[in-house]
Amino acid sequence: MDDRTRDHARTLVEWSARIEAGDNVVVEVGEGAHDLGVAVAEQLGEKGANLLATYRSPELQRAYLRAGDGAFDADPDYELALYERADSVLVLKGSNNTAGSADVSGDRRQAHSKARQAIREARLDTDWVSTQHPTRAMAQQAGMAYEAYRDFVYDATLRDWEALAEEQARLKDILDDGETVRIRNEGTDLTLDISGRRAVNSAASVAYDSHNLPSGEVFTAPADTAGVVTFDVPMTIQGRRVRDVKLTFKDGVVVDFEAEQGADVIQEVVETDGGSRRLGELGIGMNRGVDRVTDNILFDEKMGGTVHLALGRAYDACLPEGETGNDSAVHEDLITTMDEGSLLAVDGETVQEDGTFVWE
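Just so you know, we're using our numbering here: the sequence shown kicks off at 135 and counts up by one.
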């Protein structure tokens, strides 16, 4: 086992999930993440935590979704109870085939997702953390040699998270005090209302209301959105390729969309339910260890010099006490590059220009 895999597991258990003795931990192990699963199990054993491991596989999910009649029981009690009684859920992603479920119909996906809403909420109520083990399939999707991809993953993951948290706190303070965000770039002129919302300093730890490892972003939940945004970073959504997406917002709702590739995927997303046409997240990437696009949202949305917006569900951590944010069965991120000629401003004050923050 690569020594960095053990470092990854230690960072996940100690820094990210803050596991303590006696915690009930569900570990969802991806089909290609066996080594990381073993390393995490060792860490949990040393902590005196309780482990229940489950298996994640796109091919297994494909077989199940395609074989049935499309009718799913709503929130089966046995699965709901698992997450209601868990303290933490650690998701170890690691696919052997990134398109393993690409031929599952959108209707079937949506039906299954809608039937798991209470389960999804119970998982999100735990100290959950999602991370990525490097696999050859992911390296291939990124267009990288496997050895180079492993280096990339660990460079992005094994960071000085305390130092990055301090830097990100500067942007969090600006967003917390702000009311309006303006994003301008080629094909983009978007205004977002963030008044009264809280920003999350996503420093890869539940102590910061952050649930991804790696992380390295500051995000919030817009209350309203108007204008046009173009997403120039290609990505894979639900096993299908999406490229050059353009969304038009009016009164907070997507009123028009187009895509050079994958328009049918975007249509499925926005037609999922009443909340899927609204934004649930504005995220600003600050992890300079992510230095290239890899067609993996866990990394790409954290890349310094990018902004991502998510259609669908808003996170409670961004909302004032007692307020309910955008609710949806989906949360699909799309990314735009903040390069030369771009501007990010809060209440008219420049925060980032040409992809560089004013304090850098």
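Just so you know, even glycine gets a beta-carbon here, dropped at the ideal spot from N, CA and C.
Subject >> Whole runs of the alpha helix (DSSP H) within the region 232 to 295, excluding any shorter than 4 residues >> reply: Secondary structure remark: continuous alpha helix (DSSP H) runs of at least 4 residues inside the region 232 to 295, in chain order: 240 to 248, 251 to 258, 270 to 276, 280 to 291.
Original post:
If we count Cβ pairs, one from each stretch, closer than 8 Å, do we get three or more for the region 408 to 419 versus the region 460 to 476?
Top reply: Under the Cβ criterion (8 Å, minimum of three pairs), the region 408 to 419 counts as touching the region 460 to 476.
**OP:** Kindly list the residues whose CB is nearer than 6 Å to the CB of residue 135, restricted to its own chain and excluding five residues on each side of it in sequence; keep chain order.
**Re:** Beyond the five residues adjoining it in sequence on each side, residue 135 comes within less than 6 Å, by CB distance, of 169 in the same chain, given in chain order.
Subject >> the region 266 to 283 / the region 243 to 251 touching (three or more Cβ pairs under 8 Å) >> reply: The region 266 to 283, when compared against the region 243 to 251, does not touch it at the 8 Å Cβ threshold.
Subject >> alpha helix (DSSP H) segment containing residue 211, residue limits >> reply: Looking at the DSSP string, the run of the alpha helix (DSSP H) that includes residue 211 is 211 to 218.
Subject >> Cβ separation of residue 200 and residue 162, assumed to be a contact under 8 Å, to the nearest whole Å >> reply: The beta carbons of residue 200 and residue 162 sit about 21 Å from each other, so the pair does not count as a contact at 8 Å.
Original post:
Apart from the five residues on each side of it in sequence, which residues of its chain come closer than 8 Å, Cβ to Cβ, to residue 306?
Top reply: Excluding positions up to five away in sequence, the list reads 333, 334, 335, 352.
Original post:
When you compare only the Cα positions, how much space is there between residue 432 and residue 386?
Top reply: One C-alpha to the other measures close to 26 Å.
Original post:
Within this structure, are the beta carbons of residue 142 and residue 342 separated by less than 8 Å?
Top reply: No, they are not a contact pair.
Subject >> Every unbroken alpha helix (DSSP H) inside the region 152 to 227 [4 residues or more] >> reply: Whole alpha helix (DSSP H) segments, 4+ residues: 168 to 181, 192 to 201, 211 to 218.
Subject >> Start-to-end residues for the alpha helix (DSSP H) that takes in residue 458 >> reply: No alpha helix (DSSP H) contains residue 458, which DSSP labels as neither H nor E.
Original post:
Hey, would you say residue 277 sits closer than 8 Å to residue 228, going by beta carbons?
Top reply: Contact: no.
**OP:** Report buried or exposed for residue 482, applying the criterion of at least 16 other Cβ atoms within 10 angstroms of its Cβ.
**Re:** In the assembly as shown, residue 482 is an exposed residue. Its beta-carbon has fewer than 16 other beta-carbons within 10 Å.
**OP:** Whole angstroms is fine: what's the gap from residue 409's alpha carbon to residue 211's?
**Re:** Approximately 26 Å between the Cα atoms of the pair.
Original post:
Got a sec? Which residues, its chain only, sit under 6 Å from residue 316 by beta carbon, not counting five neighbours each side?
Top reply: Cβ neighbours of residue 316 within its own chain (closer than 6 Å, five residues either side excluded): 325, 479.
Original post:
With distances taken from CA atoms, which of 174, 379, 406, 389 is nearest residue 397?
Top reply: The option with the nearest alpha carbon to residue 397 is 379.
Subject >> Helix, strand or coil at residue 427 according to DSSP, with G and I counted as helix >> reply: Coil.
Subject >> Proximal residues to residue 448 (C-beta, below 7 Å), its chain only, five neighbours per side dropped >> reply: Closer than 7 Å at the Cβ level, and outside the excluded window around residue 448, lie 355, 414, 415, 459, 460.
Original post:
Candidates 344, 331, 346: which alpha carbon is nearest residue 455's?
Top reply: With distances taken between CA atoms, residue 455 lies nearest to 331 out of 344, 331, 346.
Subject >> Coil, strand or helix - residue 333 by DSSP >> reply: Coil at residue 333, not helix or strand.
Original post:
Which value, in whole angstroms, describes the spacing of the CA atoms of residue 349 and residue 303?
Top reply: Each residue's Cα considered, the two are about 14 Å apart.
Subject >> Same chain, Cβ closer than 7 Å to residue 489, neighbours up to 5 away in sequence not counted >> reply: Contacts found: 439, 472, 473, 476.
Original post:
Pairing CB atoms from the region 400 to 409 with CB atoms from the region 419 to 435, are three or more of them under 8 Å?
Top reply: Fewer than three Cβ pairs drawn from the region 400 to 409 and the region 419 to 435 lie within less than 8 Å of each other, which leaves the two stretches out of contact.
Original post:
Cβ atoms of residue 160 and residue 139: under 8 Å apart, would you say?
Top reply: Going by C-beta atoms, residue 139 is not nearer than 8 Å to residue 160.
Subject >> Nearest candidate by alpha-carbon position, reference residue 233, set 366, 196, 393, 484 >> reply: Ranked by how close their Cα comes to the Cα of residue 233, the residues 366, 196, 393, 484 have 196 in first place.
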